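S.K.: The structure that follows is given in the form of structure tokens.
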Amino acid sequence: MTDGNLLTDNPELYEARFPDPGRLAGRWAEDCLRRHRAGPRVLDMGCGTGRDAAHLHAAGRTVTGADLSEPMLAHARARHPGPVYVQADLHGFDLGRAAFDAVVCLDSSLLYCHTDPQLDGFLASCRQALAPGGLLVAEMRNGAYFLGRTDLLDTPAVNAFTWQGTAYRSTTTLTVDRTAQLLRRTRVWTSDDGAAPAEQRSAWRLLFPQELRRALAAHGFEVLELHDGPGPRTEPPWQDGQLPGRSTDADRLHLVARLTSAR
848 MTDGNLLTDN PELYEARFPD PGRLAGRWAE DCLRRHRAGP RVLDMGCGTG RDAAHLHAAG
908 RTVTGADLSE PMLAHARARH PGPVYVQADL HGFDLGRAAF DAVVCLDSSL LYCHTDPQLD
968 GFLASCRQAL APGGLLVAEM RNGAYFLGRT DLLDTPAVNA FTWQGTAYRS TTTLTVDRTA
1028 QLLRRTRVWT SDDGAAPAEQ RSAWRLLFPQ ELRRALAAHG FEVLELHDGP GPRTEPPWQD
1088 GQLPGRSTDA DRLHLVARLT SAR
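Below you can see the structure in the form of structure tokens.
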């Protein structure tokens, strides 16, 4: 069995496994930016294949997409042109002081900050990157959902799809590491083309709503919205014109915060 991240290393396969023809995540982010009157300069941190960054660019914004994965960035430049794409680590980045009016961080990218120093590094970098009054818009798993709930845990989930004539099958298991406060994921890929099985291990920080509020306040952010839906990955998903909810009980968390102190 080989190790690696099959989807990150193969961005076309990633988009086949997680299609978003309606650009739902990008539309939701743009709706947040418009409702809170964000300026035009946007940093999409953890931009992946560039689909959401390109949507924000098409909406008239000046967009920089940043990611740690060079294969993802190469794919973004080739398939989703318009934004400027750069390599950067969300744990700490310097893309210019007050260079952006908003930072967007979707699909639980923020939760790759596994430790408090990493989270502080991300928020301090956002504080430096944002102009006064700039927005942080994020969408992620909700740590509070896993308090007493086990319906998503320990039972393998199987998904199968076909891409370019090859059938792929993934078996995904989620477990909670309570000591590290992480949601750990093990995913095993098999395919019918003779390739050896590939195992991918990853993890997300389990952040709780009040914990997130405290971290944001410590870095000069005022929380404008913090809720469990509707959003681009909720069920049912967000639709154009829907306003944010008020609860934080379901399995996704949606954040809009404004920088009030540049320090």
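First residue of the sequence shown? That's 848 in the numbering used here, and the numbers climb one at a time after it.
Heads up, the beta-carbon is just placed ideally off N, CA and C, and yes, glycines get one too.
This structure is a prediction, so every number in the text was calculated from the model and none was measured.
Does the contact criterion of 3 or more C-beta pairs under 8 Å hold for the region 941-957 versus the region 982-998?
M.R.: Enough Cβ pairs lie closer than 8 Å, so yes.
S.K.: So, T896 versus P858, is the Cβ gap smaller than 8 Å?
M.R.: Yes, Cβ-Cβ distance for T896 and P858 is below 8 Å.
S.K.: Quick one: what's W875 bridged to in DSSP?
M.R.: DSSP output for W875 lists no bridge partner at all.
S.K.: Answer with buried or exposed for N989, where buried requires no fewer than 16 other C-beta atoms within 10 angstroms of its C-beta.
M.R.: Per the 10 Å Cβ criterion, buried.
S.K.: Let me know the secondary structure DSSP gives P858 once reduced to three states.
M.R.: Here P858 sits in helix by DSSP.
S.K.: What's the gap between the Cα of G912 and the Cα of Q1089?
M.R.: In a straight line, the C-alpha of G912 is about 26 Å away from that of Q1089.
S.K.: What separation, rounded to the nearest whole angstrom, lies between the Cα atoms of P1056 and T1013?
M.R.: Rounded to whole angstroms, P1056 to T1013 spans 41 Å at the Cα level.
S.K.: Please report the residue range of the beta strand (DSSP E) in which R1099 lies.
M.R.: It spans 1099-1106 - the beta strand (DSSP E) in which R1099 sits, taken as one unbroken run.
S.K.: In three-state DSSP terms, what is P979?
M.R.: Of the three classes helix, strand and coil, the one that applies to P979 here is strand, per DSSP.
S.K.: So, for S1017: in the same chain, excluding its five sequence neighbours on each side, which residues have a beta-carbon less than 6 Å away from its beta-carbon?
M.R.: Within the same chain, S1017 has close Cβ partners N1006, R1034, W1036.
S.K.: Checking contacts by CB at 8 Å: is L983 closer than that to chain C?
M.R.: In summary, chain C is missing from the structure at hand, where a single protein chain is found.
S.K.: Could you say which of D1039, R870, R864, A1004 lies nearest to H927 if we only look at CA atoms?
M.R.: Here the closest residue by C-alpha is R870.
S.K.: Got a sec? Which residues, its chain only, sit under 6 Å from T849 by beta carbon, not counting five neighbours each side?
M.R.: Summary for T849: the model assigns pLDDT 41, below 50, so the residue's position carries little reliability, and this model does not support an answer.
S.K.: Terminal residues of the continuous beta strand (DSSP E) containing L1030?
M.R.: L1030 -> beta strand (DSSP E) spans 1029-1038.
S.K.: Just list the beta strand (DSSP E) runs in the region 943-978, keeping only unbroken ones of 3 residues or longer that don't cross its boundaries, in chain order.
M.R.: DSSP runs (the beta strand (DSSP E)) wholly in the region 943-978: 947-952.
S.K.: Would G893 pass as a contact of D914 if the rule is Cβ separation under 8 Å?
M.R.: For G893 and D914, yes; Cβs fall inside 8 Å.
S.K.: Classify G1012 as helix, strand or coil using the three-state DSSP reduction.
M.R.: Coil.
S.K.: What do you get for A921, buried or exposed, if any count of 16 or more other CB atoms within 10 angstroms of its CB means buried?
M.R.: Counting Cβ neighbours within 10 Å, A921 comes out exposed, since fewer than 16 surround it.
S.K.: What residue range is occupied by the uninterrupted beta strand (DSSP E) comprising R815?
M.R.: This structure leaves residue 815 out entirely; the chain is present only between 848 and 1110.
S.K.: Measure the beta-carbon distance from C879 to V1103 and round it to whole angstroms, keeping in mind my assumption that it falls under 8 Å.
M.R.: Yes, they are in contact, since the Cβ atoms of C879 and V1103 sit about 5 Å apart, within 8 Å.
S.K.: If you draw a straight line from the alpha carbon of P1083 to that of D1096, how long is it in whole angstroms?
M.R.: For P1083 and D1096, the distance between alpha carbons rounds to 15 Å.
S.K.: In its own chain, which residues sit with a C-beta less than 6 Å from the C-beta of L999, not counting the 5 before and 5 after it?
M.R.: L1021.
S.K.: Does E862 pass the burial test, meaning 16 or more other C-beta atoms within 10 Å, or should it be called exposed?
M.R.: With 16 or more other Cβ atoms within 10 Å, it is buried.
S.K.: On a CA-only basis, which of L970, R1080, Q1028, D1098 is nearest F865? Give me that one, please.
M.R.: Comparing Cα positions, the closest option is R1080.
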